[in-house]
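*Asks:* I have a structure here, written as structure tokens, and I will follow up with some questions on it.
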Amino acid sequence: GAGVSQSPSNKVTEKGKDVELRCDPISGHTALYWYRQSLGQGLEFLIYFQGNSAPDKSGLPSDRFSAERTGGSVSTLTIQRTQQEDSAVYLCASSPDRGSSLHFGNGTRLTVT
Amino acid sequence: RKEVEQDPGPFNVPEGATVAFNCTYSNSASQSFFWYRQDCRKEPKLLMSVYSSGNEDGRFTAQLNRASQYISLLIRDSKLSDSATYLCVVARGGGSYIPTFGRGTSLIVHP
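Residue numbers (our numbering), protein chains in the order written: chain Y, 229 to 341; chain B, 19 to 129.
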């Protein structure tokens, strides 16, 4: 079956521009996560959606970052006024339910010039 | 202290060797434990869950020591294809279920 799909796979943007990253989770998965991974670093949690509950935004590094999940499926991560330190691979993962392992997409490699 | 800590390595071993990685976690309320594998420039993939009684999957054995708050991964008869970064993952119960990833341990298996 189809896995987690992320788009675009690569994004180069100028400092100060806004970007939108998209994630299509596995159908039927109720949990959706966004992480980011900088070069040589571990995965940093950003935001978590579980069913119809309010998202856990505790990992968002600043108010320039926001995310939404429409209809319990597709999610969009938006970064406003991008900075060079936002350059990283942004990984989306979904899970069938609370407590299960995560299935990751291929990620979006964001480069801010 | 970081929530999940791993020795970054790299561990450089010959084919056929046995290698073990440890991971420590700081939150005693942690309830779920996993090992993921990440190949260079790829997404992490689940290697195995870690159960309280310990569990084995082929050449891979995972163990959990709740008293000392550490998890281990043992790889027997290493293959060239085992070369990757191994990520320790811990998740707390209650409230939001958010898996926390260690920075990973790099393994290089050479001929």
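Don't be surprised by glycine CBs; every beta carbon is placed ideally from N, CA and C.
Quick caveat, the model's predicted, so the values are computed rather than measured.
Report yes or no: is there a C-beta of chain Y within less than 9 Å of the C-beta of B/Tyr115?
*Replies:* yes
*Asks:* Run down chain Y in chain order and give the residues with a C-beta less than 8 Å from the C-beta of B/Arg121.
*Replies:* Neighbours of B/Arg121 on chain Y, chain order: Gln269, Gly270.
*Asks:* Kindly list, in the order they appear in chain B, the residues whose Cβ is closer than 7 Å to that of Y/Asp284.
*Replies:* Chain order gives the chain B residues near Y/Asp284 as Ser114, Ile116, where near means a beta carbon separation below 7 Å.
*Asks:* If you reduce the DSSP assignment to three classes, tell me which class Y/Asp314 lands in.
*Replies:* helix
*Asks:* Take Y/Asp252 and list the residues in its own chain whose beta-carbon comes closer than 6 Å to its own, dropping the five residues that flank it on each side.
*Replies:* Ser233, Val302
*Asks:* Does Y/Phe332 get closer than 9 Å to chain B when you measure Cβ to Cβ?
*Replies:* yes
*Asks:* The beta strand (DSSP E) with B/Cys41 in it runs from where to where?
*Replies:* 37-43
*Asks:* May I ask which residues mark the beginning and end of the beta strand (DSSP E) holding B/Arg110?
*Replies:* 102-110
*Asks:* Which chain B residues are close to Y/Arg292, counting only those with a beta carbon under 9 Å from its beta carbon?
*Replies:* Ordered by position in chain B, no residue passes the 9 Å Cβ test against Y/Arg292, which lies about 21 Å from the chain.
*Asks:* Is it the case that the stretch 311-326 of chain Y contacts the stretch 244-262 of chain Y, given that we only count it when at least three CB pairs across the two stretches are under 8 Å?
*Replies:* yes
*Asks:* Rounded to a whole number of angstroms, what is the C-alpha to C-alpha distance between B/Ala38 and B/Glu23?
*Replies:* 15 Å
*Asks:* In whole angstroms, what separates the C-alpha of Y/Lys243 from that of Y/Phe293?
*Replies:* 15 Å
*Asks:* Specify, as a first and last residue, the run of the beta strand (DSSP E) that B/His128 falls within.
*Replies:* Segment 123-128, the beta strand (DSSP E) holding B/His128.
*Asks:* What residues from chain B crowd round Y/Phe273, counting only those whose CB sits closer than 9 Å?
*Replies:* Ile116, Pro117, Thr118, Phe119
*Asks:* Does DSSP classify Y/Ser266 as helix, strand or coil?
*Replies:* coil
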